[in-house]
Each structure stands twice: as C-alpha cells, then as structure tokens.
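K.L.:
Questions regarding the structure given below will be posed in turn.
There are 2 protein chains.
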Amino acid sequence: MEEIDRRIVTLLARDGRMSFTDLARETGLSVSAVHQRVRRLEKRGVLRGYAALVDYDSIGLPLTAFVSIKPIDPAAADDAPDRLAHLSAVEACHSVAGDESYILKVRVASPIALEELLNQIRTAANVSTRTTVVLSTPYEHRTPEPAGEDGGGPEERA
Amino acid sequence: MEEIDRRIVTLLARDGRMSFTDLARETGLSVSAVHQRVRRLEKRGVLRGYAALVDYDSIGLPLTAFVSIKPIDPAAADDAPDRLAHLSAVEACHSVAGDESYILKVRVASPIALEELLNQIRTAANVSTRTTVVLSTPYEHRTPEPAGEDGGGPEERA
DNA sequence: AGTGAAATAGTCCGAGT
DNA sequence: ACTCGGACTATTTCACT
Chain A
1 MEEIDRRIVT
11 LLARDGRMSF
21 TDLARETGLS
31 VSAVHQRVRR
41 LEKRGVLRGY
51 AALVDYDSIG
61 LPLTAFVSIK
71 PIDPAAADDA
81 PDRLAHLSAV
91 EACHSVAGDE
101 SYILKVRVAS
111 PIALEELLNQ
121 IRTAANVSTR
131 TTVVLSTPYE
141 HRTPEPAGED
151 GGGPEERA
Chain B
1001 MEEIDRRIVT
1011 LLARDGRMSF
1021 TDLARETGLS
1031 VSAVHQRVRR
1041 LEKRGVLRGY
1051 AALVDYDSIG
1061 LPLTAFVSIK
1071 PIDPAAADDA
1081 PDRLAHLSAV
1091 EACHSVAGDE
1101 SYILKVRVAS
1111 PIALEELLNQ
1121 IRTAANVSTR
1131 TTVVLSTPYE
1141 HRTPEPAGED
1151 GGGPEERA
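Protein chains in written order, with my numbering: chain A, 1 to 158; chain B, 1001 to 1158.
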C-alpha cells in the first residue's frame, strides 16, 4: 500500500460519501485515476463497504453494552458467532484473548430489552455472560492513521 | 421517527453510498422527497455522517484491543477522553459502569506498538489499564434494527 | 410533505499515452 | 498507471400541489 492509496482510504473513512471529483482534488490525480484506485481498493478488500453513522438514541436504541461471553461447556464447538448472528441487536462480535471467549457489542431499547437479549444470548450459544453497560460515548468511529511500511505506526495524531 | 425514515436510515447504514435514486425506488417516494428526508435526518443528527469501512489488516494496523482504564487518583477530574483524543490509535472511547471508568478500542501495528500506546495512555490520562487483545472479528459494524415507538424493540433479525 | 422538471455535477468507460 | 473526453446517471433546486 502506497502513500496515495492510504490517503484515499483515510479520506473515505472520514467521509464515505466524498465524490471522486473531491478525492481527485485532494490527491492531485485525475478523476479517472482516483476512480480506478478506489475500485481496486474495493476489490482488494481494503475498502470493505460504506456505512451511514447512525445516532442510536434517535432510533430507539439508547442502551449500548459490551457483553463478554464464556462457553458453559469449555469443550463445546466454538460456533457462538454463528449462533448469535440472528440477533439484530448484536452489532459486533470479537474473539478475544483472556478469561472470556468473545466480546459482543449490543444496542437495545431499554434495560428490559437488555435482560431479554442476555437470555437469548445465553440460550442460543450456551454461554455465561458478563455485561458492561455503556453510560456515554465521548467518541466512536474515529479513523486511526494507517501505519507506514515499517511496523512502528504513528500513535500521535497529525 | 416514522416508518419511512427508519427504512432510509437502515438502508444507508447498510450502504452509505446508496444513491437517492435507489433510496427512492426502495421507499416508493420520489427522488426529491427522499432527498429532503435524508437532509432532514442529517440536520437532526439522526444520520451523523458517512464512513468507508476499512480493513485494518490491509493498512498496517492488524492488532485490535480493548483497553479498560481506571484513574489512579479516584478524585481526579474525569477528562480522560480529552487527554486521549490526540492518540490516533484510539478509535473509540466509552464511559462505562463497573469497576473501570472507560473502555477504549484501539488499533495498532504490532505488540510493540501496543506497549508504547499503553504507556502513552497511562501517562496522558494518569490511569491504570487492563487490555483485552482481539484475536479475530467474526463480524462488526452490523446494523441493529431500529426499535418501534414501543420501547420493546425487536431483537430477532428479519 | 410530496411531485416533476431543468440545470448542475458526478460517475463511468473507452481509447490513447 | 495516468489522462482526456464523452455518454450516461445522479444531485440539487425550484415552482407547484
């Protein structure tokens, strides 16, 4: 991955609807060249898609939580992600190192809805759960700077 | 929030670059009407922006982790989010209930970069950290179904 | 809030370097 | 891999219902 591609990715990560015309202006390339690069980045899977960022309070899902899960039978086949995929409230599922197997991020309408969801998670995946309720979100969906060719990576913001 | 608006929000959450023409077809409205609704949803803050979904492996940040932080001085002013905002690697910051104060989601290039980042977090915000490394991510950025006017909310996927 | 139409702007592809 | 140019499609605004 090269400088201009990284720039395109960063720009689109910050504004997913930016036009090719604007991208061309920002990168100093022609519109066609940018178009070609974006299509290639999409095909290579570097750009995995585009999403609107939604205010969940506004759409009736004001309660966010992280749910850590652990199989009740430690020998069980670890297909928890598949078993939970049908639950719309589960926004993300990460396999993690540590005492628990997965961390889920969930969005629900209310404490009662959370209780029901936890019951569904437990029965669907045969797991125990530990829930951390989110009180507020100072920021989210920021875009980490791509790392250079070296593995060091800039942790400081430009 | 009404049925058609919820539909527009869901469609754009799933494909942030969907054209007004396509949105019009999906909702049965005219292009102008959809346009007007989208602009209103943006102004009301229901649609907070648009983002490209990036494959972090491809841009040199293959290591994701959740970092829970706790102030060393429990009486300290709780400005940790501000003190950490300059760290590009910090993708999200959630204030949470429980033993720790915040959960951060971070993306780094390597274990060494993670170590350096944790040091920066500790000194910048005067906190202790507890880190959970993400091994893999079965899914992420899914779009929970908006809840109806009732607070119940559908946890099952359509 | 909605429609339709017209002007502007962006997307996309082919040919050429 | 990039540029240019042209055909096509989408966005945006406005007058009207």
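Cβ coordinates follow ideal geometry from the N, Cα and C atoms, glycine included. If you're wondering where the values come from, they're calculated on a predicted model, not measured in any experiment.
Quick check: what's the CA-CA separation for Arg1142/B versus Ser68/A?
P.N.:
Distance between the alpha carbons of Arg1142/B and Ser68/A is about 18 Å.
K.L.:
Could you tell me whether the Cβ of Val1031/B comes closer than 8 Å to any Cβ of chain A?
P.N.:
Judged by the 8 Å Cβ criterion, Val1031/B is not in contact with chain A.
K.L.:
Taking Ala1124/B as part of the beta strand (DSSP E), name the residues at either end of that continuous run.
P.N.:
Where Ala1124/B is concerned, there is no enclosing beta strand (DSSP E), although the alpha helix (DSSP H) it sits in stretches over 1111-1125.
K.L.:
Among all the DSSP beta bridges, which residues are the ones paired with Thr129/A?
P.N.:
Beta-bridge pairing links Thr129/A to Ile69/A.
K.L.:
Going by DSSP, what residue range makes up the alpha helix (DSSP H) through Ala147/A?
P.N.:
No alpha helix (DSSP H) holds Ala147/A; DSSP gives it neither H nor E.
K.L.:
Taking the alpha-carbon positions, what's the Pro146/A to Asp1057/B distance?
P.N.:
Straight-line Cα distance between these residues: approximately 10 Å.
K.L.:
Anything in the segment 1092-1105 of chain B with a Cβ closer than 7 Å to a Cβ of chain A? List those residues in chain order, please.
P.N.:
Cβ contacts with chain A: Ala1092, Cys1093, His1094, Ser1095, Val1096, Ala1097, Gly1098, Ile1103.
K.L.:
Starting from the C-beta of Arg25/A, find all residues in its chain whose C-beta is less than 7 Å away, skip the five residues before and the five after it, and write them out in chain order.
P.N.:
Excluding positions up to five away in sequence, the list is empty.
K.L.:
Report yes or no: is there a C-beta of chain B within less than 8 Å of the C-beta of Thr129/A?
P.N.:
It does not: the Cβ of Thr129/A has no partner Cβ on chain B nearer than 8 Å.
K.L.:
Can we say the segment 47-56 of chain A touches the segment 1030-1037 of chain B, given the rule of at least three CB pairs closer than 8 Å?
P.N.:
Result no; under three Cβ-Cβ pairs closer than 8 Å.
K.L.:
In three-state DSSP terms, what is Thr174/A?
P.N.:
This structure cannot speak to residue 174/A, because chain A is shown only from 1 to 158.
K.L.:
Which term fits Lys105/A, buried or exposed, when burial requires 16 or more other beta carbons within 10 angstroms of its beta carbon?
P.N.:
Result: buried.
K.L.:
Just reading off the beta strand (DSSP E) that Arg1107/B is part of, what are its end residues?
P.N.:
Counting along the chain, the beta strand (DSSP E) containing Arg1107/B begins and ends at 1102-1108.
K.L.:
Against chain A, does Ser1136/B count as a neighbour if the rule is that its beta carbon must be under 8 Å from one of theirs?
P.N.:
Output row for Ser1136/B: interface = yes.
K.L.:
Nearest to Leu1061/B by CA position, among Leu1135/B, Glu1115/B, Ser1110/B, is which residue?
P.N.:
Nearest C-alpha to Leu1061/B: Ser1110/B.
K.L.:
Would you decide whether Pro74/A is buried or exposed? Buried here means 16 or more other CB atoms lie within 10 Å of its CB.
P.N.:
Result: exposed.
K.L.:
Less than 8 Å separating the beta-carbons of Leu1203/B and Ala1080/B?
P.N.:
As shown, chain B starts at 1001 and ends at 1158. That puts residue 1203/B outside it, with no answer to give.
K.L.:
Helix or strand or just coil, what does DSSP make of Ile4/A?
P.N.:
It is helical.
K.L.:
Assuming Leu1011/B and Leu1029/B form a contact by the criterion Cβ under 8 Å, report the distance between their Cβ atoms to the nearest whole angstrom.
P.N.:
About 12 Å; that fails the 8 Å criterion.
K.L.:
Return no unless some Cβ of chain A is closer than 8 Å to the Cβ of Leu1023/B.
P.N.:
By this cut-off, Leu1023/B is not an interface position.
K.L.:
So, helix, strand or coil for Ala92/A, using DSSP?
P.N.:
Correct three-state label for Ala92/A: strand.
K.L.:
Under 8 Å, Cβ to Cβ, is there at least one residue of chain A near Asp1055/B?
P.N.:
Chain A, which has a Cβ nearer than 8 Å to the Cβ of Asp1055/B, makes this yes.
K.L.:
Among Ala97/A, Val127/A, Val96/A, Tyr139/A, which one has its Cα closest to the Cα of Leu84/A?
P.N.:
Considering only alpha carbons, the answer is Val127/A.
K.L.:
Shorter than 7 Å, the distance from the beta carbon of Pro1071/B to the closest heavy atom of the ligand COA, or not?
P.N.:
Inclusion of the ligand COA in the displayed structure is not the case, the ligand content being empty and no account of it being possible.
K.L.:
Give the range of the beta strand (DSSP E) segment to which Ala51/A is assigned.
P.N.:
Residues 47-54.
K.L.:
Does the distance from the C-beta atom of Ile1059/B to that of Met1/A stay below 8 Å?
P.N.:
Going by C-beta atoms, Ile1059/B is nearer than 8 Å to Met1/A.
K.L.:
State the beta-bridge partners of Ser1058/B as determined by DSSP.
P.N.:
None, per the DSSP bridge assignment.
K.L.:
What are the boundary residues of the alpha helix (DSSP H) that Ser954/B is part of?
P.N.:
What the structure shows of chain B is the stretch from 1001 to 1158, and residue 954/B is not part of that stretch, so it cannot be assessed.
K.L.:
Cβ of Ala35/A less than 8 Å from any chain B Cβ?
P.N.:
The amino acid at residue 35/A is misidentified as Ala; the sequence shows His. No, its Cβ sits nowhere closer than 8 Å to a Cβ of chain B.
K.L.:
Only counting the same chain, and skipping five residues up and downstream in sequence, which positions put a Cβ closer than 7 Å to that of Ile1072/B?
P.N.:
Result list for Ile1072/B: Asn1126, Val1127, Ser1128, in chain order.
K.L.:
Name the residues in the segment 1106-1118 of chain B whose C-beta lies less than 7 Å from a C-beta of chain A; which are they?
P.N.:
Of all residues in the segment 1106-1118 of chain B, Arg1107, Val1108, Ala1109, Ser1110, Ala1113, Glu1116, Leu1117 have a Cβ within less than 7 Å of some Cβ in chain A.
K.L.:
According to DSSP, what are the bridge partners of Val1009/B?
P.N.:
DSSP output for Val1009/B lists no bridge partner at all.
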